[in-house]
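There are 2 protein chains.
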Amino acid sequence: MEISTVNVNGLRAAARKGFLGWLGATGADVVCLQEVRAVPEQLPREAAAPPGWHVVVVPGEVKGRAGVAVYSRADPDGVRVGFGAEEFAGSGRYVEVDLGAVTVASLYLPSGEVGTARQEEKERFMEAFLPYLVRRRSEVEAAGRDLVVCGDWNIAHREEDLRNWRGNRRSSGFLPEERAWLSRVFGEAGYVDVVRALHPDQAGPYSWWSYRGRAFDNDAGWRIDYQVATPGLAARAASARVERAASHGARWSDHAPVTVSYS
Amino acid sequence: MEISTVNVNGLRAAARKGFLGWLGATGADVVCLQEVRAVPEQLPREAAAPPGWHVVVVPGEVKGRAGVAVYSRADPDGVRVGFGAEEFAGSGRYVEVDLGAVTVASLYLPSGEVGTARQEEKERFMEAFLPYLVRRRSEVEAAGRDLVVCGDWNIAHREEDLRNWRGNRRSSGFLPEERAWLSRVFGEAGYVDVVRALHPDQAGPYSWWSYRGRAFDNDAGWRIDYQVATPGLAARAASARVERAASHGARWSDHAPVTVSYS
DNA sequence: CTTATAAGG
DNA sequence: CCTTTTAAG
Numbered sequence: 001m002e003i004s005t006v007n008v009n010g011l012r013a014a015a016r017k018g019f020l021g022w023l024g025a026t027g028a029d030v031v032c033l034q035e036v037r038a039v040p041e042q043l044p045r046e047a048a049a050p051p052g053w054h055v056v057v058v059p060g061e062v063k064g065r066a067g068v069a070v071y072s073r074a075d076p077d078g079v080r081v082g083f084g085a086e087e088f089a090g091s092g093r094y095v096e097v098d099l100g101a102v103t104v105a106s107l108y109l110p111s112g113e114v115g116t117a118r119q120e121e122k123e124r125f126m127e128a129f130l131p132y133l134v135r136r137r138s139e140v141e142a143a144g145r146d147l148v149v150c151g152d153w154n155i156a157h158r159e160e161d162l163r164n165w166r167g168n169r170r171s172s173g174f175l176p177e178e179r180a181w182l183s184r185v186f187g188e189a190g191y192v193d194v195v196r197a198l199h200p201d202q203a204g205p206y207s208w209w210s211y212r213g214r215a216f217d218n219d220a221g222w223r224i225d226y227q228v229a230t231p232g233l234a235a236r237a238a239s240a241r242v243e244r245a246a247s248h249g250a251r252w253s254d255h256a257p258v259t260v261s262y263s
Numbered sequence: 001m002e003i004s005t006v007n008v009n010g011l012r013a014a015a016r017k018g019f020l021g022w023l024g025a026t027g028a029d030v031v032c033l034q035e036v037r038a039v040p041e042q043l044p045r046e047a048a049a050p051p052g053w054h055v056v057v058v059p060g061e062v063k064g065r066a067g068v069a070v071y072s073r074a075d076p077d078g079v080r081v082g083f084g085a086e087e088f089a090g091s092g093r094y095v096e097v098d099l100g101a102v103t104v105a106s107l108y109l110p111s112g113e114v115g116t117a118r119q120e121e122k123e124r125f126m127e128a129f130l131p132y133l134v135r136r137r138s139e140v141e142a143a144g145r146d147l148v149v150c151g152d153w154n155i156a157h158r159e160e161d162l163r164n165w166r167g168n169r170r171s172s173g174f175l176p177e178e179r180a181w182l183s184r185v186f187g188e189a190g191y192v193d194v195v196r197a198l199h200p201d202q203a204g205p206y207s208w209w210s211y212r213g214r215a216f217d218n219d220a221g222w223r224i225d226y227q228v229a230t231p232g233l234a235a236r237a238a239s240a241r242v243e244r245a246a247s248h249g250a251r252w253s254d255h256a257p258v259t260v261s262y263s
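Protein sequence lines correspond, in order, to chains G and E. Here full-length UniProt numbering is used: the first residue of the first sequence is 1, the next is one more, and so on. Here full-length UniProt numbering is used: the first residue of the second sequence is 1, the next is one more, and so on.
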């Protein structure tokens, strides 16, 4: 089973610019999207109901913001929206889809800005989400199942995860408390950073490059999109890649798809 | 002397899309613009100070709205902003530039919408502008000079001036009272519709096509951009054309330049 | 720099 | 259907 995750930065714009071509060509069985930024009715038919795919779209309540989705070739056995936190119930930031013995989640963790209310919102999300992850792992493992939380976590974990880590030590997305929080996800919560586990020593592979300046051409990126799996599924990860080439020429998002093959 | 007038529908967007190429290639001596929708500081240098041109930009007070400009190869002898009406003093809708014995004005008459305050504003503008035109013709002719008011008048005069005149008899831009007002400009005020005078029998030539549907491809346009001249200058008009081809391929505005050669 | 938005056209 | 704006990212 192959799973891809990509923040499309507006599915309507991405669909116009090349996402649909990528979707048509991908060999993935499941595709998680973040920042759909549309309700299903606003999407072109080829994005809302592409032939051969089952589509779950969870828009945010605020028009044109957030929104997650899961495209799967198989018909989901179950779908759950949100993770129980009242504040984020309608925010379009989390959905779980059951596909056989694996639950695939699409997560769009809030992006923050130091010194602003948006950073506080990001922290509240993190605070509520970690205990959920802990509880959820117990549940899925007790049921003999696996969980992979795919998405834009908006945090680079280690120095290898962003090109300019020195210059970003006070930037939201690489703050010590954010990195420590991710360490708890990969530590006490018991999840595995699948791409890093397969590529322990490499810089990146980055999954996001700012549209400003020449960040993409210089590969001055951040690895903030993850597949975060329970250990049983993580052990089945055979290969992983960031589809940076999907962004070459006709770049259709500031993120690139993060794709993992599970045996 | 050749004069062009064109509503650029946002000079920043037009500059990105091909206006600068057109400006570099034109043989015109004077170019009047409407809907600049920017203050000079927001313009790229090639638009704010193109080599070989003197530029007068009159932005509107409301950010991103209206704004007229006159580009001339000769250095203007004088510049006057507005036409004396208090209400429209800072609206970025009228400027006169003296160039030798000819005064060239760039006009952006408000666009209206039937049944709304915007239609009332358009009517107030028309009511104040006609007496100004009458007085101004006396002044310039007494001084042995000429005046041509170039711009987007937002009114089609006669049935020949828009493709779908039957369907637009209740639309702002072709209302009986608007058409009658233009008849007064060309009648009692003593001005000449230069393009119509040179092409008395032809449909159009249209100068504006909606971006909606296939209006441009079907030439379903309106002739709402005029060169309205005092009779002395009008008599010197040798040829006129709408540069519809300037919009082919890389269309950089929903209007096309209206260009007249004066001997 | 790009995506949304809203109002204007 | 395009421009602008403002907010968000």
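Note that beta-carbon positions come from the ideal geometry of N, C-alpha and C, so glycine has one too.
Next on the checklist: Determine whether the beta carbon atoms of E:Val-56 and E:Val-70 lie at a separation below 8 Å.
Outcome noted: The answer is yes: Cβ separation under 8 Å.
Next on the checklist: Taking its Cβ as the centre, do 16 or more other Cβ atoms sit within 10 Å of E:Ser-240, making it buried, or is it exposed?
Outcome noted: Before going on, a small fix: residue 240 of chain E reads as Ala here, not Ser. Classification for E:Ala-240: buried.
Checklist entry - Are G:Val-79 and G:Val-102 touching if we call contact CB-CB under 8 Å? => result When the beta-carbon positions are compared, G:Val-79 and G:Val-102 stay at least 8 Å from each other.
Checklist entry - So who's on the other strand from G:Thr-5, going by DSSP bridges? => result Looking at the DSSP assignment, G:Thr-5 forms a beta bridge with G:Cys-32 and G:Val-258.
Next on the checklist: In the DSSP output, which residue or residues are listed as bridge partners for G:Ser-72?
Outcome noted: Bridge partners of G:Ser-72: G:Val-30 and G:His-54.
Item to check | Every unbroken alpha helix (DSSP H) within the stretch 105-170 of chain G, with a cutoff of 4 residues, ordered by chain | outcome: You should have 117-142.
Checklist entry - When you compare each of E:Arg-118, E:Glu-86 and E:Gly-100 to E:Ser-171 by their alpha carbons, which one comes out closest? => result Per the C-alpha coordinates, the member of E:Arg-118, E:Glu-86 and E:Gly-100 positioned closest to E:Ser-171 is E:Arg-118.
Next on the checklist: Which of the three DSSP states is assigned to E:Gln-202 in this structure?
Outcome noted: If DSSP states are grouped into helix, strand and coil, E:Gln-202 belongs with coil.
Next on the checklist: Along the chain, where does the alpha helix (DSSP H) containing G:Glu-96 start, and where does it finish?
Outcome noted: Annotation: G:Glu-96 is outside any alpha helix (DSSP H); the continuous beta strand (DSSP E) that includes it extends over 94-99.
Item to check | Counted within 10 angstroms of its Cβ, other Cβ atoms place G:Gln-34 as buried (16 or more) or exposed | outcome: When all chains shown are included, G:Gln-34 counts as buried.
Checklist entry - Would you call G:Gly-10 buried or exposed, if buried means 16 or more other Cβ atoms sit within 10 Å of its Cβ? => result Counting C-beta atoms within 10 angstroms of its own C-beta, G:Gly-10 has 16 or more neighbours from the protein chains shown and is therefore classed as buried.
Checklist entry - Per DSSP, which one or two residues make a beta bridge with E:Ala-237? => result Beta-bridge pairing links E:Ala-237 to E:Tyr-262.
Item to check | Distance, G:Arg-45 Cα to G:Gly-18 Cα | outcome: About 15 Å.
Next on the checklist: For E:Glu-120, which residues in the same chain have their Cβ closer than 6 Å to its Cβ, ignoring the five residues on either side in sequence?
Outcome noted: When the five nearest sequence neighbours on each side are left out, no beta carbon in the same chain lies closer than 6 Å to the beta carbon of E:Glu-120.
Next on the checklist: Let's test the definition: count the other Cβ atoms within 10 Å of the Cβ of E:Asn-7 and tell me whether it reaches 16, buried, or not, exposed.
Outcome noted: Burial call: buried.
Next on the checklist: For G:Pro-59, count the other beta carbons within 10 Å of its own beta carbon; 16 or more makes it buried, fewer makes it exposed. Which is it?
Outcome noted: A residue is called buried when at least 16 other Cβ atoms come within 10 angstroms of its Cβ; G:Pro-59 meets this threshold and is buried.
Checklist entry - By a C-beta neighbour count over all protein chains shown, 10 Å radius and 16 as the cutoff for buried, is E:Arg-196 buried or exposed? => result By the 10 Å Cβ count, E:Arg-196 comes out buried.
Item to check | Integer-rounded CB distance, given that G:Arg-179 should sit under 8 Å from G:Ala-220 | outcome: Going by Cβ atoms, the distance from G:Ala-220 to G:Arg-179 rounds to 19 Å, so no, they are not a contact pair.
Next on the checklist: For E:Pro-110, which residues in the same chain have their Cβ closer than 6 Å to its Cβ, ignoring the five residues on either side in sequence?
Outcome noted: For E:Pro-110, where only same-chain residues beyond five positions count, the Cβ hits under 6 Å are Glu-121, Lys-122 and Phe-125.
Checklist entry - Do E:Thr-259 and E:Cys-150 come within 8 Å of each other at the CB atom, strictly closer than that value? => result Contact flag unset, no.
Next on the checklist: Rounded to the nearest angstrom, what separates G:Tyr-132 and E:Glu-61 at their Cα positions?
Outcome noted: So the alpha carbons of these two residues sit roughly 53 Å apart.
Item to check | Selected residue, minimal CA-CA separation from E:Thr-230, among E:Ala-105, E:Ala-25 and E:Arg-212 | outcome: Of the listed residues, the one whose Cα sits closest to E:Thr-230 is E:Ala-105.
Item to check | Closest Cα partner of E:Ser-207 within the set E:Arg-136, E:Gly-24 and E:Asp-225 | outcome: Of E:Arg-136, E:Gly-24 and E:Asp-225, the residue nearest in Cα terms is E:Asp-225.
Checklist entry - Any idea if G:Asn-154 is buried or exposed, counting beta-carbon neighbours within 10 angstroms, 16 or more meaning buried? => result Burial call: buried.
Checklist entry - Just checking my contact of E:Ala-156 with E:Gly-173 at CB under 8 Å: how many whole Å lie between their CB atoms? => result Confirmed, Cβ separation roughly 6 Å.
Checklist entry - Is G:Trp-252 helix, strand or coil by DSSP? => result Assigned with DSSP and collapsed to three states, G:Trp-252 falls in coil, not helix or strand.
Next on the checklist: I need the DSSP call for G:Arg-65, collapsed to helix, strand or coil.
Outcome noted: Correct three-state label for G:Arg-65: coil.
Checklist entry - Do E:Val-192 and the ligand GTP come close, with the Cβ less than 7 Å from some heavy atom? => result Looking at this structure, you won't find the ligand GTP or any other ligand, since it has none at all.
Checklist entry - Closest by CA to G:Val-148, which one among G:Pro-50, G:Val-192, G:Ala-47 and G:Gly-52? => result Out of G:Pro-50, G:Val-192, G:Ala-47 and G:Gly-52, G:Val-192 has the C-alpha closest to the C-alpha of G:Val-148.
Item to check | Bridge partners - G:Ala-180, DSSP secondary structure assignment | outcome: None; G:Ala-180 has no bridge partner.
Next on the checklist: What does the Cβ neighbour count give for G:Asp-146, buried or exposed, with the cut at 16 atoms within 10 Å?
Outcome noted: With 16 or more other Cβ atoms within 10 Å, it is buried.
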